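J.: Numbering follows the UniProt record's numbering, with no gaps: position 34 of the sequence shown is 34.
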Amino acid sequence: MTKIAIIEDDAAFRETLQSYLHRMEQSGAGEYKFSIDCFQDGLSFLDSYRPDFQIVLMDIEMPYMDGIKAAQKLRELDDTVCLIFITNMAQYVFKGYEVSAMDFILKPVSYETFSFKMEKAIAAASRFGRQEKLLKTESGYARIAVSDIYYIEVVQHKLLYHTVRGAFEVWGIMAKAEEEFSPLGFARCNVSYLVNLRHVMQVRGDYVTVGGDQLKISRSYKKDFMQSIMLFYSQGGSAAR
1 MTKIAIIEDD AAFRETLQSY LHRMEQSGAG EYKFSIDCFQ DGLSFLDSYR
51 PDFQIVLMDI EMPYMDGIKA AQKLRELDDT VCLIFITNMA QYVFKGYEVS
101 AMDFILKPVS YETFSFKMEK AIAAASRFGR QEKLLKTESG YARIAVSDIY
151 YIEVVQHKLL YHTVRGAFEV WGIMAKAEEE FSPLGFARCN VSYLVNLRHV
201 MQVRGDYVTV GGDQLKISRS YKKDFMQSIM LFYSQGGSAA R
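This is the structure we're talking about:
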């Protein structure tokens, strides 16, 4: 079951999107099953938001709060949900990258275009959905969402997990952490840091900004690190903002 939110002020277009989703269910031989919630504007969506949606379809031009501002607020609540903008204004595409939109649907939209983009989003939601790790620290255990990890730092024979909840220190080696986290959207920027690509805010010169920290990108890791970023986004990875 894929839980989808539609935020669209045009009732007729909301119905169109719902009919397309139902058509996907009927034509997919049981492959797709959706739970759909509809909202007329961004405010009503955010007021009742719970982080249990896998995909959000967001109109941009709406009353009270436009889709870009609503998406900015959404990212404060949920940094893993796949966000797709719906608009008839192509110039908003670049704005979407600021809030880590996975894709855009330009109005009017055909069923073929919609279903193609939704198949990509469903695959991404499955790949990059919420996952958790149990860390054994000196004071006990800490359950951390993978999406909440900014980066992992090796300090002598320990690993320091820098997260939205602070830093957690555990015994471990970077090689094993890299093996475990690389399939989950992490990449090394140098010998000391394993970066969660969802949290890459900026790459400038030989530095990457992650979770407010600037980390050095070493020459030997730079090519692979940049390729990892491009691959992550090409596969539908969603960054946190």
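From the three backbone atoms N, C-alpha and C, an ideal C-beta is built for every residue, glycine too. All values derive from a computational prediction rather than experimental measurement.
1. Do you know offhand how far V109's Cα is from E169's?
2. Below 8 Å between beta carbons: does that hold for A124 and C82?
3. Among I7, Y151, S147 and Q202, which residue has its Cα nearest to the Cα of P63?
4. Can you grab the Cα-Cα spacing for the pair T209 / V200, in whole Å?
5. L231 lies in the alpha helix (DSSP H); which residues open and close that run?
6. Should M118 and M1 be called a contact, given that it needs their Cβ atoms to be closer than 8 Å?
7. Thinking just about the alpha-carbon of each residue, which of F13, S228 and F39 is nearest to the one in I4?
8. Give the DSSP-derived three-state secondary structure of Y207 in the structure shown.
9. Where does the unbroken beta strand (DSSP E) through I6 begin, and where does it stop?
10. Reducing DSSP to helix, strand and coil, say where G42 ends up.
11. By the three-class DSSP mapping on this structure, what secondary structure does D79 have?
12. Kindly indicate which residue of A71, A12 and T80 has the alpha-carbon position closest to the one of D52.
13. Give the C-beta separation of Q122 and A101 to the nearest angstrom, bearing in mind that I take them to be a contact with Cβ-Cβ under 8 Å.
14. Indicate the three-state DSSP secondary structure (helix, strand or coil) for Y32 in the structure shown.
15. I think T87 touches I55, with their Cβ atoms under 8 Å apart; what is that distance to the nearest whole Å?
16. Have a look at the DSSP bridge pairing and note the partners of G185.
17. So, is M58 buried or exposed, given that buried needs 16 or more other C-beta atoms within 10 angstroms?
18. Quick check on DSSP: helix, strand or coil for A239?
19. Among the residues of its own chain, which have a CB less than 7 Å from the CB of S139, if the five just before and after it don't count?
20. Classify G212: buried if its beta carbon has 16 or more other beta carbons within 10 angstroms, exposed otherwise.
21. Specify the secondary structure class of Q214 as computed by DSSP and reduced to three states.
T.: According to the data block:
1. 49 Å
2. yes
3. I7
4. 6 Å
5. R219 to S234
6. no
7. F39
8. strand
9. T2 to I7
10. helix
11. coil
12. T80
13. Going by the sequence as given, residue 122 is Ile instead of Gln. 16 Å between Cβ atoms; not a contact.
14. coil
15. Rounded, the Cβ-Cβ distance is 16 Å, inconsistent with contact.
16. Per DSSP, none; premise fails for G185.
17. buried
18. Because A239 carries a pLDDT of 47, less than 50, the predicted location of this residue cannot be relied on, and the following value inherits that uncertainty. Looking at A239 - three-state DSSP - the assignment turns out to be coil, as it is neither helix nor strand.
19. none
20. exposed
21. strand
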